[in-house]
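Here is the structure we will look at, set down as structure tokens.
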Ligand SMILES: Cc1cc2nc3c(=O)[nH]c(=O)nc-3n(C[C@H](O)[C@H](O)[C@H](O)COP(=O)(O)OP(=O)(O)OC[C@H]3O[C@@H](n4cnc5c(N)ncnc54)[C@H](O)[C@@H]3O)c2cc1C
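Residue numbers (our numbering): 58 to 430.
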């Protein structure tokens, strides 16, 4: 038996839990199927509770060097009219002001806090089987190994999930079945800005003075064509800077990424000494940008439970008791926003100035208290 905790997946969730376990002195190894981190993630918007969670992981100094603080959000309609805005620094407080960071930078900084050799790249887990003493794990092209505990941080299409839940896990997001993401030269955008029309939503977030992170999807569910021309057809008549940014990214389509927006909603995240965290447990459409936040919060709570309990086969129910309420809240608010986005445009534009700020507060206020001291 290898006495280290095995973390399957070296994304944000996997590296965060490895870091949290290391801080508690619990030996850990991470198996990542890829030989090197993918570039496809582009950037990630970190709301205040993500900043809190990363700070609890000892990353406050790392964060101040990454991306830019996002002090304000603006929601605009397809003609550019400002429907409402939110002062995010005021809402979250200076120490937890949201940030938009390059995903590769975040992965790099998370990994730097780990002892050398913690991450085994090019190491795909193919099976996970709980036994009476621990967990038997199959690796691609290698013999089986045993660990006292396995954390499934292997993302939306998790292999570990099969050992935990027999349920059909993958569903399509209400808001949009797929999305486009890209990085582009910053056209002068200095805050989180979304333009939303009948066919689509177009979001730009600065990662610094020179570059913006862009996200585009449908607003009323259904498919988003994998041909980049869908972007031109859906957004060319939006106000500047949208057409300007589109011209740049459509001239170099290799910088554009199309991917499905899939969700995981399952009734069980644990099975004995196997626990799911992050997207493997609860991938949710990025409406409120809670993926990284919830993943790091899961990691902090799970590591604390492993550090404070002798019998690791018994911590699953306590982990679910502490994590379910926040995740269920985010899922509910995601559905509420997605339904509102699908209302007739004239009606949505009329009510958003009133219900928008309230919806922001009702989503994020319950997430303001940090999950660990
Ligand atoms: C379009 C879009 C936009 C988003 N925007 C935001 C945002 O702005 N803010 C935010 O917080 N969240 C956002 N998210 C969600 C966010 O990306 C994730 O929730 C977050 O990255 C947590 O991911 P994870 O580590 O759980 O999974 P992943 O990032 O998927 O990492 C899983 C890792 O496991 C590895 N792996 C998979 N299978 C195996 C295996 N069998 N063996 C070994 N390794 C394996 C994978 O290679 C990968 O490295 C967005 C998601 C989408 C789809």
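Glycine is no exception: its CB is placed at the ideal position from the N, C-alpha and C atoms.
Check	Outcome
Contained beta strand (DSSP E) runs [length at least 3] in the stretch 225 to 281, N- to C-terminal order	227 to 229, 235 to 242, 249 to 253, 258 to 263 and 268 to 274
First and last residue of the uninterrupted beta strand (DSSP E) at residue 319	319 to 321
The stretch 407 to 419 contacting the stretch 137 to 150, beta-carbon criterion three pairs below 8 Å	yes
Delimiting residues of the beta strand (DSSP E) encompassing residue 100	100 to 103
Where the alpha helix (DSSP H) through residue 378 begins and ends	373 to 398
Rounded C-alpha distance that separates residue 265 from residue 223	44 Å
Rounded separation between residue 233 and residue 189 - CA only	43 Å
Alpha carbon of residue 126 to alpha carbon of residue 89, nearest angstrom	30 Å
Cβ contact (3+ pairs, closer than 8 Å) linking the stretch 252 to 265 and the stretch 374 to 388	no
Reduced DSSP secondary structure (H/G/I, E/B, other) of residue 324	coil
At least 3 beta-carbon pairs within less than 8 Å: the stretch 390 to 397 vs the stretch 342 to 355	yes
Inter-residue CB distance, residue 108 and residue 154 (contact presumed, cutoff 8 Å)	7 Å
Distance cut-off 6 Å: residue 88 Cβ against heavy atoms of ligand 1	yes
CB of residue 197 within 7 Å of CB of residue 357, strictly	no
DSSP-derived helix/strand/coil call for residue 167	helix
Distance, residue 225 Cα to residue 320 Cα	11 Å
Cβ neighbour criterion (16 or more within 10 Å) applied to residue 390	buried
Spatially closest choice to residue 438 from 316, 105 and 91, by CA coordinates	Outside the shown range of the chain (58 to 430) lies residue 438, about which nothing can therefore be said.
For residue 174 and residue 58, the rounded distance between their alpha carbons	19 Å
Residue 69 and residue 352 closer than 7 Å at C-beta	yes
Of the residues 118, 134 and 87, the one placed nearest residue 171, counting alpha carbons only	87
Local conformation of residue 91 per DSSP, three classes	coil
Residue 209 Cβ short of 6 Å to ligand 1 heavy atom set	no
7 Å Cβ cutoff met for residue 220 and residue 331	yes
Start and end residues, beta strand (DSSP E) containing residue 215	Counting along the chain, residue 215 falls outside any beta strand (DSSP E), and DSSP gives it neither H nor E.
beta-carbon residue 181 near ligand 1 non-hydrogen atom, thresh 6 Å	yes
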